[in-house]
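The next block holds one structure in the form of structure tokens; read it before the comments.
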Amino acid sequence: MAPEPMPVRFISSCMDAVLNEFFPAHQIAYPVVAMRIVGALLLGALIGFEREAHEKAAGLRTHVLISLSACVFAIVALEAAHLPMLATSSARADPLRVVEAVTSGVAFLAAGMIVFSRGRVRGLTTGAGMWLAGAVGLAIGFGFWMIATMTAICCAVVLGLIRKLEDHDRRRETKRHDKDG
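Heads up: the sequence shown is residues 1 to 181, going by the UniProt record's numbering.
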């Protein structure tokens with residue numbers, strides 16, 4: 001068999017380099033990555049839906065984006081921990097630092113939602129929901145599906161149930177006030 005001509009070898013090595021750039025060696029299979037991203041989207045939406053339905057400043061899109069970004073940070077942290085260039089003692093990839101960074105970043109965003117005005121605090125539940133969306137995204141990104149799912153469901157139940165209880169109390173209070181007045 002004759003050796004390949006120089007241009008063919010060059011093109012072949014360029015194509016290999018391009019493919020390796022877009023599809024590098026990885027620890028988590030791409031279908032699993034896709035599943036985690038979709039899971040973060042759905043569970044972030046579950047948390048954000050109640051906020052959106054009640055026209056809060058941070059609604060569906062905000063919660064989904066927070067959950068997605070936290071998920072991607074977690075996946076990248078897991079993958080980066082296995083990169084050969086980060087295997088040396090001088091440069092270690094620590095996935096827990098990503099958790100700390102996401103927690104701080106989301107807390108910063110959530111703090112921007114909290115307003116104190118006329119003796120009332122507003123936006124606290126929305127801020128907490130944003131923080132929870134980040135936690136759910138991190139959990140899914142790290143592969144902790146059950147933790148993320150149970151947390152998102154509990155959040156949706158708490159937000160919905162407490163809202164109904166508050167609405168019921170308001171209606172009862174209004175009826176009592178109307179009878180008295």
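Yeah, the Cβ is synthetic: ideal placement off N, Cα and C, and Gly gets one too.
Exercise. So residue 98 and residue 73 are in contact, right, with Cβ under 8 Å, and what is the actual spacing, rounded?
Worked result: Residue 98 to residue 73, Cβ: 5 Å. Contact.
Problem set entry | Beta-bridge pairing of residue 117 - partner residues as DSSP gives them | Answer is 120.
Exercise. Hey, is the stretch 127-135 in contact with the stretch 98-110, meaning 3+ C-beta pairs nearer than 8 Å?
Worked result: yes
For this session: Give the C-beta separation of residue 36 and residue 75 to the nearest angstrom, bearing in mind that I take them to be a contact with Cβ-Cβ under 8 Å.
Result: 6 Å
Exercise. Thinking C-beta only, is residue 137 closer than 8 Å to residue 58?
Worked result: no
Problem set entry | Cut-off 6 Å between Cβ atoms - residues of its own chain near residue 77, not counting five sequence neighbours on either side | 95 and 98
Exercise. Quick one, are the C-beta atoms of residue 45 and residue 64 less than 8 Å apart?
Worked result: yes
Problem set entry | Beta-carbon gap between residue 113 and residue 126 smaller than 8 Å | yes
For this session: Taking residue 175 as part of the alpha helix (DSSP H), name the residues at either end of that continuous run.
Result: 145-180
For this session: Output the distance between the C-alpha atoms of residue 123 and residue 146, rounded to the nearest integer angstrom.
Result: In this structure, the straight-line span from the alpha carbon of residue 123 to that of residue 146 is close to 28 Å.
For this session: Please report how far the alpha carbon of residue 191 lies from the alpha carbon of residue 5, in whole angstroms.
Result: Because the chain in this structure spans residues 1 to 181, residue 191 falls outside the shown range and cannot be described.
Exercise. Under 8 Å between the Cβ atoms of residue 148 and residue 43?
Worked result: yes
For this session: Given a cut-off of 8 Å, decide if residue 47 and residue 155 are closer than it, judged by their beta-carbon atoms.
Result: yes
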